[in-house]
Each structure stands twice: as structure tokens, then as C-alpha cells.
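Inspection log for the structure reproduced underneath, given as C-alpha cells.
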Amino acid sequence: MSTVFALSSAPGPAGVAVVRVTGPQAGKALRALSGKLPRPRQATLAALRRPVSGEVLDRGLVLWFPAPASVTGEDVAELQIHGGRAVVRAVLDALAALPGLAQAEPGDFTRRAFQNGKLDLTQVEALADLVNAETEGQRRQAQRQMDGELGQRLERWRTEVLRALAHVEAAIDFGEDEVPPAEVLAGVAARVHRLVPEMEEALGEARRGERLRTGVQITIVGPPNAGKSSLLNAIAGRDAAIVSSRAGTTRDVVEVHLDLAGVPVTLADTAGLREACDEIEGEGIRRAVARSEQADVRVAVFDAADWPALDERTLATAGPDAMVVVNKVDTRLVPDRTPSGRPVWPVSAKTGAGIRTFVQELARHAGERAGMSEEPGLTSVRQIAAVRDCVEALRRFLSCSQELALRAEDLRLAARALGRVTGRVDVEELLDVVFRDFCIGK
Ligand SMILES: Nc1nc2c(ncn2[C@@H]2O[C@H](COP(=O)(O)OP(=O)(O)O)[C@@H](O)[C@H]2O)c(=O)[nH]1
Ligand SMILES: [Mg+2]
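For the sequence shown, this note's numbering begins at 387 and goes up steadily by one.
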């Protein structure tokens, strides 16, 4: 394995820059620059010198993490130096000049951590999510996944599937005298039967975790001139959408990305719903309807002037679970229920009245859709696809329509699908399970 180094902190002038070296030559490299190896895991002040010439490049803290108790599982040296561009450049150049050392490729440290069993793939994904987290909700989700809970849950499932597979293979290999296949198979089927609904439940909840990663989609719909664009601007606190008293001003979907109480959301303003005057407006309305269909949360905006009549087309497009907002209450007051009894958020995009209360409620809805309070579930498309493949294979196994050897193959596929998620695909483990359950060679 090669030894690589990289600037681990962000580039550019800063108080401190962190340079990490990982691999078998890391200790040698640290000694070459600082003169000696500090005690493991203890921050030690040292002068860093250019090898050969002995010129002092910087003074900083050095740390030494011998394998395997390090972030990558290899020998790791960490240099905390002054974060000036020239200082960093000089130290990186000095490292590059050492024999056997090379600049790390993107993701090298994490890849090594994975290869050495420090992280499973769900944790690798979580690490990327954590580094990219912009809102509190995203940080929390990534942190939970980083703890490895999701990986452990998947490993538990995989072990169950492997155990079932071991029993089926035993039934094939051992012959009738030693393991009565019918009995074994019934036990295996019962186990798999319990597993499938658990996975399906996780799949059912998966959209939530994904929403927290990518953002909850909120769409504003309503008749022309109700104040949809004004509402979006009031929520976003800036003039993202063009506001005009001319009906049909907003023609395409206008999006803003916001942090609503820790939940990332994409708020979309759309064209007013009415009979289109021209082709472009018609397309805008078609997009409005399509966007509304895909949305996680729909907001229907009406003009207080029309109260108590509410535009039918908007009600139909937004659907029964939409939040009903009546705008322009500065011109006319409205009650807090629609004639049919649905709750109403009375607001004025112009004066700001009611906006705070509405935004709080909107944030709560968005948070609910993102499953902010849930246990760590599946969060990425990759994870969801793999668990879906697994369930499919297990269902095929349970359908009993094939001969035993083919059904064993279904279990193997199921285990492999789960292994793909965590990155653990070794067969050695399968043998362990077999030995544990059967005491072969007893
Ligand atoms: N009085 C009053 N006028 C508003 C309010 N919100 C929007 N308007 C006006 O209503 C018109 C239409 O607003 P706009 O946001 O473009 O509506 P949209 O077509 O639904 O996007 C504009 O002239 C706005 O100034 C409000 O809360 N009170
Ligand atoms: Mg508009």
C-alpha cells in the first residue's frame, strides 16, 4: 500500500491548516520533517524542517497515530501548521520530495478507511453528507448514519439471510438422512417471512430520509393575482419572483432554496391557474400542475377579495391535504376556517401579517415529511434500490416455485444486495455462519 498525503482543511489563508499523511511510510515522513516520532496520540509542538537542508518551514503541532487505531486504519501522521498558502505549499512540497510519498487522490483517506473496515459504505455516504450538511436536520441525520446504526441494521438482516442460505445449502448437501429438508425449509421460510415486512417498512419510510438529504419540495399554487409570488418573496425574505398586478406575470416555475427550521426546502412559485391566454402561459400552467403533483407539501393561495368563494381549479390541483392560505388580509379580514371547515392561514404578503405563524406551520409540515424525529433509515437512492432488490429476491424464495438449488440462489442474491449497501460481500462469513449453526466435523 502506498503512502499518501493531503491538505485536509479547506485551502486558502486560515489560522491553522491540517495536513495528513497515511500509509506505511507515514512515521518515516513525520520523522523526516520533525526530527522524531512523538508519543502516539499526543499533540506535540515541533519545528518542521525541510529534509536535507534543515531549513525551518514552520512550527506547529504534530500527531502520530500508529495503525490500526487511526482514522484510516493505517499509520497516520497529522501536521497542524499555520494556514498560510506559502507555508502549506512548502510543507506539501517537502512531503512530496520524500521517497514513496504521493499526493492523495480525492476520497483516498475514506477509501482506505473503508478497506480497513473502519467505515462501512453507509458510513462513507454519511461522511459525505456530514461534510455537505447545510441545515441542522441534515447534520443530525448524517451524524446518526455515521454512528453506524443503519449499517448495523443492514448487517443484521444480511446475517439472517446468510443463515437461511446456510440452512438451505445444508439441506442440499447433507442429504435426507442428516438434515430433514422439509423441516429445515419450514424453519428458514418462517425466518425469511419475518424479515420481509421489516425491510418493506424501512423502504416505506425511506423517502423521508432522502427528502432530508435533497430537500422537501413545497409548491405554491393558486389563481392569478392571489399573491403567490409575493408570498414566496415574503417567506424567502427577498425578491426572488416578479410581483405584478398583471395576471399571468409568473410563467415558469421559480424556485428558492431555504433552511426552514433546520429542514432544507425547495419552495416553488408557479403560474396562476386559469384559462391560458397564449401558448407560453399554457405551458407555464401545465408546469404548475406537474410541479404540484410532485410536491411533498402544497400551499394553495387565495385572494381575500374573493372570500368566501375559493377558486375550484386551485382546490382541485392542490388536493385535500394542501395548506390553505388566504392572502391580502390587509384589505379584508377572513375567518380561520373555509366554508367546508378546512383550516385557513390568513396572511398579508404586503404587511407581513400572519407570515411568521404560517412559516412556522410550514416548517413543521416540511419537518414531518422529512421524518426529522425518526430513527436513521435508508437515505440514498442506492440504499433503497439495493434493499428493494433484496426484498424481491426474498419474495421469490418464499414463493416456493422452484427447485431448491435455484431458491438458494435467490437467498444468495438477497444477501449480496444487502452486502452492496454496506460494502461487505465476503463469503468467508457465510462459512462462519454454517459452522456456528451446524458444528460441522463435531
Ligand atoms: N393589498 C395587498 N396586495 C397584495 C398582497 N400580496 C400581493 N399583493 C398584490 O397583488 C398583486 C399580485 O401579486 P403577485 O404576487 O404577483 O400574485 P401572483 O400572480 O399570485 O403571483 C400585486 O399587485 C401585489 O402587489 C397583500 O398581501 N396585500
Ligand atoms: Mg406570480
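Just so you know, even glycine gets a beta-carbon here, dropped at the ideal spot from N, CA and C.
Beta-bridge partners of VAL407 (DSSP): PHE391, ALA463.
Counting of Cβ neighbours within 10 angstroms places ARG425 among the exposed residues, the total staying below 16. In this structure, ligand 2 has no non-hydrogen atom nearer than 7 Å to the beta-carbon of SER631.
The beta carbons of ASP515 and GLN524 sit about 7 Å from each other, so the pair counts as a contact at 8 Å. Under the DSSP definition of a beta bridge, PRO732 partners with VAL712.
Of the residues assessed, THR408 falls on the buried side of the cut-off, its CB having 16 or more other CB atoms within 10 angstroms.
Shown here, ASP444 sits in a strand according to DSSP, grouped into three states. Two segments are said to touch when three or more pairs of C-beta atoms, one from each, lie closer than 8 Å; by this definition the stretch 680 to 693 touches the stretch 706 to 719.
For the options GLY503, LYS422, VAL745, the alpha carbon positioned closest to that of VAL649 is the one of VAL745. Per DSSP, ASP625 lies in no beta strand (DSSP E) segment and is marked neither H nor E. Residue pairing by DSSP puts GLU641 in a beta bridge opposite ALA654. Apart from the 5 residues on each side of it in sequence, GLN538 has no Cβ closer than 6 Å to any other Cβ in its chain. THR635 carries a coil assignment under DSSP once its states are collapsed to helix, strand and coil. Linking GLU546 to GLY740 through their CA atoms gives a straight-line distance of about 53 Å. When the five nearest sequence neighbours on each side are left out, the beta carbons in the same chain lying within less than 7 Å of the beta carbon of VAL629 are those of SER615, SER616, ASN619, in order along the chain.
Relative to ligand 2, the nearest heavy atom lies less than 7 Å away from the CB of ASP655. Within the chosen limit of 7 Å, ligand 1 does not reach the beta carbon of PRO694 with any heavy atom. Sequence-distant Cβ neighbours of VAL675 in its own chain, meaning closer than 7 Å and more than five residues away, are THR703.
For THR605, no alpha helix (DSSP H) segment is defined; the enclosing uninterrupted segment is the beta strand (DSSP E) at 602 to 607.
For ALA432, the uninterrupted beta strand (DSSP E) run begins and ends at 430 to 435, by DSSP. Excluding five sequence positions before and after LEU505, the CB atoms of its chain that fall closer than 6 Å to its own CB belong to ALA499, given in chain order.
When DSSP reads this structure, GLN489 sits in a beta bridge with PHE391. Shown here for HIS751: same chain residues with a beta carbon closer than 6 Å to its own, the five before and five after excluded, namely VAL683 in chain order.
For ARG425, there is no enclosing alpha helix (DSSP H), since its DSSP letter is neither H nor E. Rounded to whole angstroms, LEU804 and CYS786 show a C-alpha spacing of 22 Å.
In the same chain as THR635, and ignoring 5 residues on each side of it, the C-beta atoms closer than 6 Å to its own belong to ILE628, in chain order.
Of the candidates ALA662, ASP707, VAL402, the residue whose Cα lies closest to the Cα of GLY446 is VAL402. Per DSSP, reduced to three states, the secondary structure at ASP533 is coil, with no helix or strand assignment. Here DSSP, grouped into helix, strand and coil, assigns ARG539 to helix.
If you check the C-beta of SER734 against ligand 1, you find a heavy atom less than 7 Å away.
In this structure LEU507 touches GLY809 by the C-beta definition: roughly 4 Å separates them, less than 8 Å.
In the DSSP assignment, VAL570 is bridged to no other residue. The beta-carbon separation of VAL640 and ALA662, rounded to 18 Å, does not stay under the 8 Å limit for a contact.
Closer than 7 Å to some heavy atom of ligand 2: that does not describe the Cβ of THR700. By a beta-carbon distance limit of 8 Å, ASP638 does not contact GLY590. Their separation comes to about 34 Å.
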